[in-house]
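Residue numbers (this note's numbering): 75 to 214.
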């Protein structure tokens with residue numbers, strides 16, 4: 075059976091569905107994600123780009139750094155996706171899902187950038203940067 079998750083923005087102008095397996099469920103502490111989402115940490119999951127489909131509205135996007143495009147609702151500003159050049163994956167904000175409990179985080183990334191007042195003490199694996207940049211990283 076093809077798993078389907080649905081989500082959207084705060085105002086309802088944008089709706090999407092994701093089909094198939096999700097991977098790399100993480101809590102990202104990088105400065106760029108924190109600033110783009112105005113939050114101390116951001117929950118993401120990854121899917122192949124073709125698994126993501128808008129069902130209502132349009133996303134606006136901008137290049138937040140070289141080779142990176144972030145998209146969001148143009149009406150309310152809710153962040154929805156992140157895509158880096160050269161990777162066949164699209165990262166989707168977990169909390170934009172209607173049921174974010176269906177995609178709990180498996181680890182923390184970029185903990186070297188974590189805020190001191192937001193300690194990482196939940197027992198999940200922690201990586202200083204990306205998983206694949208850490209020695210002994212688990213396979214994706």
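Don't be surprised by glycine CBs; every beta carbon is placed ideally from N, CA and C. A quick note: this is a predicted structure, and the numbers were derived from the prediction, not measured.
Can you list, in chain order, the residues of its chain with a C-beta nearer than 6 Å to that of residue i? Leave out the 5 residues immediately preceding and following it.
{"i": "residue 142", "result": "158"}
{"i": "residue 121", "result": "92, 96 and 164"}
{"i": "residue 156", "result": "144 and 165"}
{"i": "residue 128", "result": "90"}
{"i": "residue 174", "result": "168"}
{"i": "residue 137", "result": "143"}
{"i": "residue 98", "result": "120"}
Could you give the DSSP three-state label for residue i: helix, strand or coil?
{"i": "residue 105", "result": "helix"}
{"i": "residue 117", "result": "strand"}
{"i": "residue 210", "result": "Confidence is the limiting factor: at residue 210 the pLDDT is only 48, short of 50, which leaves the residue's position unreliable, though a coordinate-based value still follows. In the structure shown, residue 210 sits in coil (DSSP, three-state: anything other than H, G, I, E or B)."}
{"i": "residue 163", "result": "coil"}
{"i": "residue 175", "result": "helix"}
{"i": "residue 75", "result": "With a pLDDT of 48 at residue 75, under the threshold of 50, the modelled position of that residue is not reliable, and the figure given next carries that caveat. Coil, per DSSP."}
{"i": "residue 99", "result": "strand"}
{"i": "residue 110", "result": "helix"}
Per DSSP, which residues does residue i bridge with? Please list them.
{"i": "residue 127", "result": "91"}
{"i": "residue 156", "result": "144 and 165"}
{"i": "residue 135", "result": "145"}
{"i": "residue 220", "result": "Lying outside 75 to 214, the shown extent of the chain, residue 220 is not represented and no answer is given."}
{"i": "residue 200", "result": "182"}
What does a CB cutoff of less than 8 Å around residue i pick up in its chain, not counting 5 residues either side in sequence?
{"i": "residue 176", "result": "79"}
{"i": "residue 132", "result": "88 and 148"}
{"i": "residue 212", "result": "With a pLDDT of only 46 at residue 212, under 50, the local geometry of the prediction cannot be trusted, and the value read off the model is given with reservation. Excluding positions up to five away in sequence, the list reads 199 and 205."}
Tell me which residue opens and which closes the beta strand (DSSP E) that residue i is part of.
{"i": "residue 181", "result": "181 to 183"}
Which residues in the same chain as residue i place their Cβ atom closer than 7 Å to its Cβ, once the five residues preceding and following it in sequence are excluded?
{"i": "residue 81", "result": "90, 170, 171 and 172"}
{"i": "residue 153", "result": "110, 111, 144, 146 and 167"}
How should residue i be labelled, buried or exposed, when 16 other C-beta atoms within 10 angstroms of its C-beta is the threshold for buried?
{"i": "residue 101", "result": "buried"}
{"i": "residue 117", "result": "buried"}
{"i": "residue 112", "result": "exposed"}
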